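In UniProt numbering, the protein residues as written are 1 to 259. First the structure, in the form of structure tokens, and then the observations on it.
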Amino acid sequence: FTRSQLQYIKELGTSRFGKVIVLQGEGSDIQPGKKKLKVVVMMCHDDMSLKDKFIFLHEASAFKLLDSRNVLKLYCQCVESSPYLTILESCSLGDLKSYMRGQKLNIEKMLDGDVILGMICDVVAGLQAIHNINFVHRDLSMRSCLITNDLTVKIGDYGLNEYNDGVGIPIRWMAPESLSFSDGLRVNDITKKSNIWSFGVLMWELLRCGDLPYPGLSDQHVLRLVVMEKEVKLSRPLLLNDNVPYLLVDFLLLPSITQ
Numbered sequence: 001f002t003r004s005q006l007q008y009i010k011e012l013g014t015s016r017f018g019k020v021i022v023l024q025g026e027g028s029d030i031q032p033g034k035k036k037l038k039v040v041v042m043m044c045h046d047d048m049s050l051k052d053k054f055i056f057l058h059e060a061s062a063f064k065l066l067d068s069r070n071v072l073k074l075y076c077q078c079v080e081s082s083p084y085l086t087i088l089e090s091c092s093l094g095d096l097k098s099y100m101r102g103q104k105l106n107i108e109k110m111l112d113g114d115v116i117l118g119m120i121c122d123v124v125a126g127l128q129a130i131h132n133i134n135f136v137h138r139d140l141s142m143r144s145c146l147i148t149n150d151l152t153v154k155i156g157d158y159g160l161n162e163y164n165d166g167v168g169i170p171i172r173w174m175a176p177e178s179l180s181f182s183d184g185l186r187v188n189d190i191t192k193k194s195n196i197w198s199f200g201v202l203m204w205e206l207l208r209c210g211d212l213p214y215p216g217l218s219d220q221h222v223l224r225l226v227v228m229e230k231e232v233k234l235s236r237p238l239l240l241n242d243n244v245p246y247l248l249v250d251f252l253l254l255p256s257i258t259q
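Shown next, in the form of structure tokens:
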């Protein structure tokens, strides 16, 4: 893609770097025979520091190394002039959390038809692809997964931003071993094992159609009862059948990822 090929469709929102918009470009270079292709474009603020611009470009670096149907595709980055652009695959049904919240009345049918199990397998495949190149995901949850028209789930970003002073830390999805309290709330190194914990919470979300993990507890109570004292665990989702093996759910009920 070049900038001149892109036509504005709509704005999706903003990130820490700038606007996130949907554009349409010439698709023949990406998908032979397809004249037009919708893409998601992440824009970098013109007035950002050089350091932040470097971080903006670096955060997409894992996409360049991956070729998985379950990880969002990076088409290209435009850096010849400002604003810098990262151009990504567009998924028409949006993020997985919003989609599943609209499917509460259909959840039993989705379970019986192996749709939910297929979504779980998609996330596993995407996470394995990320781990195979020695990357980890810093914010694995339903909201960081996207879904296509054919219900394929793709891990949509890598959450590689550093967290400082406890602001924006996704504590409900993080393994207790990933957090420390020696000098305020801090995030320890995210590992492949702690990613597996986050996947377990994501699976609970999926089986509960996007419900907030640890319902009824404030973030402060989650920190105390789940992370520090390890007294509370996620409840077993009620809507289970033989198509979603209990073993897949049981491990997220353990008090520690070391088990």
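By construction, the Cβ of each residue, glycine as well, lies at the ideal position given by its N, Cα and C atoms. Note that the coordinates shown come from a computational prediction; the quantities given were computed from them, not determined experimentally.
query: Determine the burial state of Tyr8: buried for a count of at least 16 other Cβ atoms within 10 Å of its Cβ, exposed for fewer.; result: exposed
query: Output the distance between the C-alpha atoms of Val22 and Met43, rounded to the nearest integer angstrom.; result: 11 angstroms
query: Compute the Euclidean distance between the alpha carbons of Leu146 and Ser182, then round it to the nearest angstrom.; result: 36 angstroms
query: Check whether the region 81–95 and the region 118–126 touch, using three or more Cβ-Cβ pairs below 8 angstroms as the test.; result: no
query: Alpha carbon to alpha carbon, how far is Gln220 from Gln24?; result: 43 angstroms
query: In the DSSP assignment, find the alpha helix (DSSP H) that holds Met228 and state where it starts and stops.; result: First-last for Met228: undefined, no H or E at that position.
query: Does the distance from the C-beta atom of Cys209 to that of Gln128 stay below 8 angstroms?; result: no
query: Measure the alpha-carbon distance for Ser198 versus Ser141 and round it to whole angstroms.; result: 7 angstroms
query: Helix, strand or coil, according to DSSP, for Gln103 in the structure here?; result: coil
query: Between Ser82, Tyr214, Ser144, which lies nearest to Lys233 when the distance is taken from Cα to Cα?; result: Tyr214
query: Determine the burial state of Glu11: buried for a count of at least 16 other Cβ atoms within 10 Å of its Cβ, exposed for fewer.; result: exposed
query: Find the nearest neighbour of Leu200 within the set Val222, Val123, Arg186, judged by alpha-carbon distance.; result: Per the sequence shown, the amino acid found at residue 200 is Gly instead of Leu. Checking every option, the nearest Cα to that of Gly200 belongs to Val123.
query: Taking Leu217 and Leu207 to be in contact with their CB atoms under 8 angstroms, please state how far apart those CB atoms are, rounded to whole angstroms.; result: With a Cβ gap of about 19 angstroms, Leu217 and Leu207 do not count as contacting.
query: State the Cα-Cα distance for the pair Ile257 and Gly184, rounded to the nearest angstrom.; result: Below a pLDDT of 50, predicted positions are generally treated as unreliable, and Ile257, at 40, falls in that range; the measurement from the model is reported next regardless. Computed Cα separation, rounded: 23 angstroms.
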